[in-house]
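One structure is given below, encoded as structure tokens.
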Amino acid sequence: MRTINKNLRNEIKLKIMNKFGQRISLNKLYETILRQIVYNVKTNLNKTTIYFTKRMKDVKESYTEGLSTFSKLIQEHTQKLSFVTLLIEEESKLQKLKQHVPANKSQLEENYKSDIRKLKKIFENQMQQKYLYQNNMKNLTLKIKS
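Residue numbering for the sequence shown follows this note's numbering, starting at 36 and increasing by one per position.
Have a look at this one:
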């Protein structure tokens with residue numbers, strides 16, 4: 036076993052001598068290799084840092100863009116909700132007027148009912164949109180947090 040180890044050492048020394056033309060300590064060779072590895076790791080770390088810095092900038096821009104879109108949507112839907120409120124008030128006024136109209140004017144009453152049904156449908160659609168937008172806002176908030 037010792038002779039095999041000694042032969043292997045001699046063989047390694049001979050190969051080093053053939054490759055480099057002189058005797059080189061294995062410790063120095065290991066040290067040089069380790070320096071090269073450390074240099075490569077530092078270089079990769081710098082590249083990774085630059086990549087993630089750019090990525091963070093892109094995410095921040097996307098976040099800002101999403102927030103501005105979100106603000107615009109909120110403003111737009113607030114206006115729609117105020118319009119719905121106005122329509123509800125008008126519906127209330129129409130119902131009061133309907134109560135004061137004599138019963139023999141069935142055609143007029145039918146017109147009011149159809150208008151009220153239309154307004155109710157509009158209101159229901161607006162409420163559904165409000166619900167969808169609230170869910171979208173929640174989803175955006177969750178995406179932003181994650």
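Don't be surprised by glycine CBs; every beta carbon is placed ideally from N, CA and C.
Remember, it's a predicted structure, so these values are computed and weren't measured experimentally.
*asked:* My output table needs one value for R152: the three-state DSSP class, helix, strand or coil.
replied: The sequence position of residue 152 within the sequence shown is 117, counting from 1. Judged by DSSP in its simplified three-state form, R152 adopts helix.
*Flag this pair as touching only if the region 94-106 and the region 149-165 have three or more C-beta atom pairs under 8 Å; answer yes or no.*
Judged by pairs of C-beta atoms under 8 Å, the region 94-106 does not touch the region 149-165, as fewer than three such pairs exist.
*Measuring only between beta-carbons, confirm whether Y86 sits less than 8 Å from chain D.*
As a matter of chain content, chain D is missing from the structure shown, which is built from one protein chain.
*So, is V73 buried or exposed, given that buried needs 16 or more other C-beta atoms within 10 angstroms?*
Here residue 73 corresponds to residue number 38 of the sequence shown, with the count starting at 1. It is exposed - the Cβ of V73 has fewer than 16 other Cβ atoms within 10 Å.
_With three or more beta-carbon pairs closer than 8 Å as the criterion, would you say the region 99-107 touches the region 147-159?_
Contact fails between the region 99-107 and the region 147-159, because fewer than three Cβ pairs, one in each stretch, are under 8 Å apart.
*Under 8 Å by Cβ, that's how I've got K133 and E144 pegged, so tell me the actual separation to the nearest angstrom.*
For the purposes of this step, residue 133 is taken as residue 98 along the sequence shown, with counting starting at 1. For the purposes of this step, residue 144 is taken as residue 109 along the sequence shown, with counting starting at 1. Indeed, because the Cβ distance is near 6 Å, the residues count as touching under 8 Å.
_Short of 7 Å in beta carbon distance, which residues of its chain neighbour F158, apart from the five on each side in sequence? Order them along the chain._
Taking the first residue of the sequence shown as position 1, residue 158 is located at position 123. V119, L122 and I123, listed in sequence order.
*Return the CA-CA distance between L129 and T176, expressed in angstroms with no decimal places.*
Translated into positions along the sequence shown, residue 129 becomes position 94. Translated into positions along the sequence shown, residue 176 becomes position 141. If you take the alpha carbons of L129 and T176, they lie about 41 Å apart.
*May I ask which residues mark the beginning and end of the alpha helix (DSSP H) holding I85?*
Start at 1 with the first residue of the sequence shown, and residue 85 comes out as number 50. Looking at the DSSP string, the run of the alpha helix (DSSP H) that includes I85 is L61 to H135.
*Roughly how many whole angstroms lie between the Cα atoms of H135 and N160?*
Start at 1 with the first residue of the sequence shown, and residue 135 comes out as number 100. Start at 1 with the first residue of the sequence shown, and residue 160 comes out as number 125. Rounded to whole angstroms, H135 to N160 spans 29 Å at the Cα level.
*Ends of the alpha helix (DSSP H) at K140?*
Here residue 140 is taken as the residue at index 105 of the sequence shown, counted from 1. Segment: none, K140 is in no alpha helix (DSSP H) and carries neither H nor E.
_Do R58 and M52 count as a contact pair if the criterion is CB distance below 8 Å?_
The residue you call residue 52 lines up with position 17 of the sequence shown. The residue you call residue 58 lines up with position 23 of the sequence shown. Contact flag set, yes.
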